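Colleague: Residue numbers (the numbering used here), protein chains in the order written: chain G, 1088 to 1350; chain S, 166 to 418.
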Amino acid sequence: MKRYVILFVAVLCVSTASAWNKFAQECIATLAEQNLTPEAKRQTESILGGSLASGAWWLQQRAGKPETKYTGAWHFISVTDDLRSLTQSEKDGVVQIERCAAVLRNRAEQNDSTVMATLKTLIHLVADMHNVSHVRIGGIPDSRKNFNLLVSNGKLGPKEATTPVSWRKFWDASLINRHASFSPELFALDLTLCYGEQKENFSKGNVREWAEDMGRLCAPLYEWAKPEAYMSREHNNRLELINDKTMARAGYRLAALLNDIFK
Amino acid sequence: MVAIVALATTQSVRAWNNIGHATIAVIAERNMTPEALEKCRGYLKHTMPYYASWMDYWRNCKGFEETNYWHGFSVDERNEQFAGDTRNAAFQIKRICKKMKKYNRMKDSLVCDNLKYLIHMVGDMHCPVHVKYVNEDALKQRSILNKGKKLGFHSFWDAAIGHFHKGMRCDEIAAKYDTLTDAEIAAICAGTPDDWAKVNAQEMREIYDLLPMGSELTKVSEENNARMREITIQQMLRGGYRLAHVMNTIFSK
């Protein structure tokens, strides 16, 4: 564990805190919770003293504090230009998820606070690696930037106006906020109704394969997503489907990983 | 009469905002038969609240422009809709309900789209500012003030469900108010969309007295504020129960 902590602290990097917003994180954690085995649910509840959603925002709060600012980089993942997840960088979300999983599998030898912090970190990072704007793709420099889109207000003719919206804000908050009045349980039900049949398919593989899957999903978006790119309301509407799909993937995959860890 | 109809049909309205529509759809789902709910969700592949604001997001997109006129309705001084006016929510609800009598012979995607229209329009026709009193200057919607800043009268009422329930989720609001008896619900659901429109038109005149144009929102009397809240909840419940009734009727066959 000492080595684990040292490595975490040693990764000093300047990064802006960015994540799916609190509501999205809670929805993903709620979907995951609903798909835990009874044993995994019992153990995670015991560790967290509550639901997965109760721990989903913890890491984001840390990213804003000077002493734990280094964790900001973990919210992003990288794939190569041929969309493979090969990185061993301590700054990468995939590496940190693998590390968290290893710590949790070895939980008998950890103290309670480490296990709790590690579980909360894992919950958040598995969600964030499925956020489109958090996937960095080799050979696509824009995937590493937080550029502005010009988003249409959806009005017709001379009443149409555009507002600059950052690429990250668009994926972190704008789309999911269409349903911000829902309880996380209600939105998780929507994800289940729409993607429940694909649960097994989404859950297959390991964290590296999930990163590569996200790379394949995100790469085509950069054919149009560039600094100052215009986004019509229609285009905006269609991207909601991608956002939902990635949230469902995140929820089912988080459950699969936790079910495997807490057998 | 031709001129009046032309005026009536060139006006588009906005909508209850997201939380308002979502709350109405949750109330509807809570009052649908298990069979209707299962079928509805089966076609939508989603809950009804998910699509409650769908018409608003698509209203200005190519091919959807005409739907801009389907969010409310216009009336004359006797609270009657204009003969021949088809560009309004009441007419479109009736039209789609008629088509949906044969839903099981329609393509799934068409059933799905029709449901999305109904979910929005039944809610929207109950928004207090979605009645256009086209010939009455005293009932034209202009601005009010909120802490000294201009706020559209229409915008205020579109957001009224959230305004009166700050910090609450749509499913919490629905659970709080969905407490009417079967008899009370049956009374709300009696009649046709045209009947519902007429009653709304008669009753929503009151909001122009409760919150006159140019008045300061923060200085509204407690009595008027309480009445505005009451009207908001009443219209929200009417929208929710009637939407459930529409869905139960469609899927009872």
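Beta carbons are placed, not taken as given, at the ideal position from N, Cα and C, and that holds for glycine. Since this is a predicted model, take the numbers as computed values, not measurements.
Please tell me whether S:ASN300 has its Cβ less than 8 angstroms away from any Cβ of chain C.
Modeller: The displayed structure is made up of protein chains G and S, and chain C is not among them.
Colleague: Does the structure place the segment 1102–1122 of chain G close enough to the segment 1208–1226 of chain G that three or more beta carbon pairs sit under 8 angstroms?
Modeller: yes
Colleague: Look up S:GLU381 in the DSSP assignment and give the residues it is bridged to.
Modeller: What you label residue 381 of chain S is simply residue 216 of the second sequence in a count that begins at 1. The partner list for S:GLU381 (beta bridge, DSSP) reads S:LEU310.
Colleague: Decide if the segment 1327–1345 of chain G is in contact with the segment 1192–1200 of chain G; the criterion is three or more beta carbon pairs, one per stretch, under 8 angstroms apart.
Modeller: no
Colleague: Closer than 7 angstroms by C-beta to S:GLU242: which residues in its own chain qualify, once you throw out the five before and the five after it? Chain order, please.
Modeller: Locating residue 242 of chain S in the second sequence gives position 77, counting from the first residue. Only ASN300 and GLU301 meet the Cβ criterion.
Colleague: Please confirm whether S:TRP181 has its beta-carbon closer than 8 angstroms to some beta-carbon of chain G.
Modeller: Position 16 of the second sequence, counting from 1, holds the residue named residue 181 of chain S. It does not: the Cβ of S:TRP181 has no partner Cβ on chain G nearer than 8 angstroms.
Colleague: For S:TRP223, go through chain G and note every residue whose CB falls closer than 7 angstroms to its CB, in chain order.
Modeller: Indexing the second sequence from 1 puts residue 223 of chain S at position 58. Here the neighbours are ASN1324.
Colleague: Would you say the beta carbon of G:GLU1154 is closer than 7 angstroms to some non-hydrogen atom of the ligand SAH?
Modeller: The ligand SAH is absent from the structure shown, which contains no ligand whatsoever.
Colleague: Just curious, the beta strand (DSSP E) that G:LEU1237 is in, first and last residue?
Modeller: Here the question's residue 1237 of chain G lines up with position 150 in the first sequence. Residue range 1235–1239 is occupied by the beta strand (DSSP E) that includes G:LEU1237.
Colleague: Between G:GLY1302 and G:VAL1222, how many whole angstroms is the CB-CB distance? I'm expecting something under 8 angstroms.
Modeller: The residue given as residue 1302 of chain G occupies position 215 in the first sequence. The residue given as residue 1222 of chain G occupies position 135 in the first sequence. At roughly 6 angstroms, the Cβ-Cβ gap stays under 8 angstroms, so G:GLY1302 and G:VAL1222 are in contact.
Colleague: Does the pairing of the segment 274–287 of chain S with the segment 344–351 of chain S give three or more beta-carbon distances under 8 angstroms?
Modeller: no
Colleague: I'd like to know if G:CYS1281 contacts chain S, where contact means its C-beta is closer than 8 angstroms to some C-beta of that chain.
Modeller: One-based indexing of the first sequence puts residue 1281 of chain G at position 194. Yes - at least one Cβ of chain S is within 8 angstroms of the one on G:CYS1281.
Colleague: For a cutoff of 8 angstroms on Cβ pairs, would you count S:ILE398 as touching chain G?
Modeller: Here residue 398 of chain S corresponds to residue number 233 of the second sequence, with the count starting at 1. Taking Cβ atoms only, chain G never reaches closer than 8 angstroms to S:ILE398, which makes this a no.
Colleague: Check whether the Cβ of S:HIS285 lies closer than 8 angstroms to any Cβ atom in chain G.
Modeller: Walking along the second sequence from the start, residue 285 of chain S turns up at place 120. Under the 8 angstroms criterion on CB atoms, S:HIS285 is classed as non-interfacial with respect to chain G.
Colleague: Output needed for G:ASP1215: all residues of its chain with C-beta closer than 7 angstroms, excluding positions within five of it in sequence on either side, in chain order.
Modeller: Residue numbering aside, residue 1215 of chain G sits at position 128 when the first sequence is read from its first letter. The residues are ALA1106, TRP1107, HIS1162, GLY1180 and HIS1221.
Colleague: Once DSSP output is grouped into helix, strand and coil, what is the label at S:MET197?
Modeller: Start at 1 with the first residue of the second sequence, and residue 197 of chain S comes out as number 32. DSSP places S:MET197 outside both helix and strand once states are collapsed to three, so it counts as coil.
Colleague: In whole angstroms, give me the CA-to-CA distance for S:LEU209 and G:LEU1278.
Modeller: Taking the first residue of the second sequence as position 1, residue 209 of chain S is located at position 44. Taking the first residue of the first sequence as position 1, residue 1278 of chain G is located at position 191. Distance between the alpha carbons of S:LEU209 and G:LEU1278 is about 12 angstroms.
Colleague: So, S:LEU316 versus S:LEU376, is the Cβ gap smaller than 8 angstroms?
Modeller: Here residue 316 of chain S corresponds to residue number 151 of the second sequence, with the count starting at 1. Here residue 376 of chain S corresponds to residue number 211 of the second sequence, with the count starting at 1. For S:LEU316 and S:LEU376, no; Cβs fall outside 8 angstroms.
Colleague: Got a sec? Which residues, its chain only, sit under 6 angstroms from S:ALA201 by beta carbon, not counting five neighbours each side?
Modeller: Residue 201 of chain S sits at position 36 when you count from the first residue of the second sequence. So the qualifying residues of the chain are MET412, ASN413 and PHE416.
Colleague: Going by Cα to Cα distance, which pick from S:HIS236, S:HIS319 and S:ILE338 is closest to S:GLY327?
Modeller: Position 162 of the second sequence holds residue 327 of chain S. Cα-wise, what sits closest to S:GLY327 is S:ILE338.
Colleague: Count Cβ pairs between the segment 1139–1149 of chain G and the segment 1169–1180 of chain G that sit closer than 8 angstroms; are there 3 or more?
Modeller: no
Colleague: State the DSSP-derived secondary structure class of S:PHE238, mapped to helix, strand or coil.
Modeller: Numbered from its first residue, the second sequence carries residue 238 of chain S at position 73. S:PHE238 falls in the strand class under three-state DSSP.
Colleague: Tell me, please, which residues DSSP counts as bridged to S:LYS297.
Modeller: The residue given as residue 297 of chain S occupies position 132 in the second sequence. According to DSSP, S:LYS297 bridges with S:SER239.
Colleague: Does the pairing of the segment 1301–1315 of chain G with the segment 1127–1147 of chain G give three or more beta-carbon distances under 8 angstroms?
Modeller: Verdict: no, contact absent.
Colleague: What are the boundary residues of the beta strand (DSSP E) that G:VAL1166 is part of?
Modeller: Counting from 1 along the first sequence, the entry for residue 1166 of chain G is found at position 79. Taken as a continuous stretch (DSSP letters only), the beta strand (DSSP E) holding G:VAL1166 covers 1164–1166.
Colleague: Determine, for G:LYS1256, whether the minimum Cβ-Cβ distance to residues of chain S falls below 8 angstroms.
Modeller: Translated into the one-based positions of the first sequence, residue 1256 of chain G becomes position 169. Not one chain S Cβ lies under 8 angstroms of G:LYS1256.
Colleague: With a CB to CB cut of under 6 angstroms and the five nearest residues on each side skipped, what residues in its chain are close to G:GLY1225?
Modeller: Taking the first sequence and counting its residues from 1, one reaches residue 1225 of chain G at position 138. Around G:GLY1225: THR1167 and ASP1168.
Colleague: Let's test the definition: count the other Cβ atoms within 10 Å of the Cβ of S:ALA217 and tell me whether it reaches 16, buried, or not, exposed.
Modeller: For the purposes of this step, residue 217 of chain S is taken as residue 52 along the second sequence, with counting starting at 1. Buried.
Colleague: Using the Cα positions of G:LEU1273 and G:SER1239, report the straight-line distance between them to the nearest angstrom.
Modeller: Position 186 of the first sequence, counted from the start, is the residue given in the question as residue 1273 of chain G. Position 152 of the first sequence, counted from the start, is the residue given in the question as residue 1239 of chain G. Each residue's CA atom was taken as its position, placing G:LEU1273 and G:SER1239 some 29 angstroms apart.
Colleague: Relative to the C-alpha of G:PRO1322, which candidate in S:ILE284, S:THR251 and S:TRP223 has its C-alpha closest?
Modeller: Sequence index remark: in the first sequence, residue 1322 of chain G carries index 235 (1-based). Per the sequence shown, residue 1322 of chain G should be read as His rather than Pro. It is S:TRP223.
Colleague: For the beta strand (DSSP E) that contains G:PRO1251, what are its first and last residues?
Modeller: On the first sequence, residue 1251 of chain G is found 164 positions in, with the first residue counted as 1. Its beta strand (DSSP E) spans residues 1249–1253.
Colleague: Does any residue of chain S bring its CB to less than 8 angstroms from the CB of G:HIS1266?
Modeller: For the purposes of this step, residue 1266 of chain G is taken as residue 179 along the first sequence, with counting starting at 1. Yes, G:HIS1266 counts as interfacial toward chain S.
Colleague: Since G:SER1138 and G:GLU1120 should fall inside the 8 angstroms C-beta cutoff, what is the C-beta to C-beta distance between them, to a whole number of angstroms?
Modeller: Sequence index remark: in the first sequence, residue 1138 of chain G carries index 51 (1-based). Sequence index remark: in the first sequence, residue 1120 of chain G carries index 33 (1-based). The pair is a contact, with the Cβ atoms about 6 angstroms apart (cut-off 8 angstroms).
Colleague: For the putative contact between S:GLY332 and S:TRP181, defined by C-beta atoms under 8 angstroms, what is the C-beta separation to the nearest angstrom?
Modeller: Sequence index remark: in the second sequence, residue 332 of chain S carries index 167 (1-based). Sequence index remark: in the second sequence, residue 181 of chain S carries index 16 (1-based). Not confirmed; about 18 angstroms, so no contact.
Colleague: Assuming G:LEU1280 and G:LEU1326 form a contact by the criterion Cβ under 8 angstroms, report the distance between their Cβ atoms to the nearest whole angstrom.
Modeller: In the first sequence, the residue the question calls residue 1280 of chain G occupies position 193. In the first sequence, the residue the question calls residue 1326 of chain G occupies position 239. Incorrect: roughly 20 angstroms between the Cβ atoms, too far for contact.
Colleague: In chain order, what residues of the same chain lie with their CB nearer than 6 angstroms to the CB of G:LEU1118, ignoring the 5 residues before and after it?
Modeller: Walking along the first sequence from the start, residue 1118 of chain G turns up at place 31. Result list for G:LEU1118: ALA1275, LEU1278 and GLY1338, in chain order.
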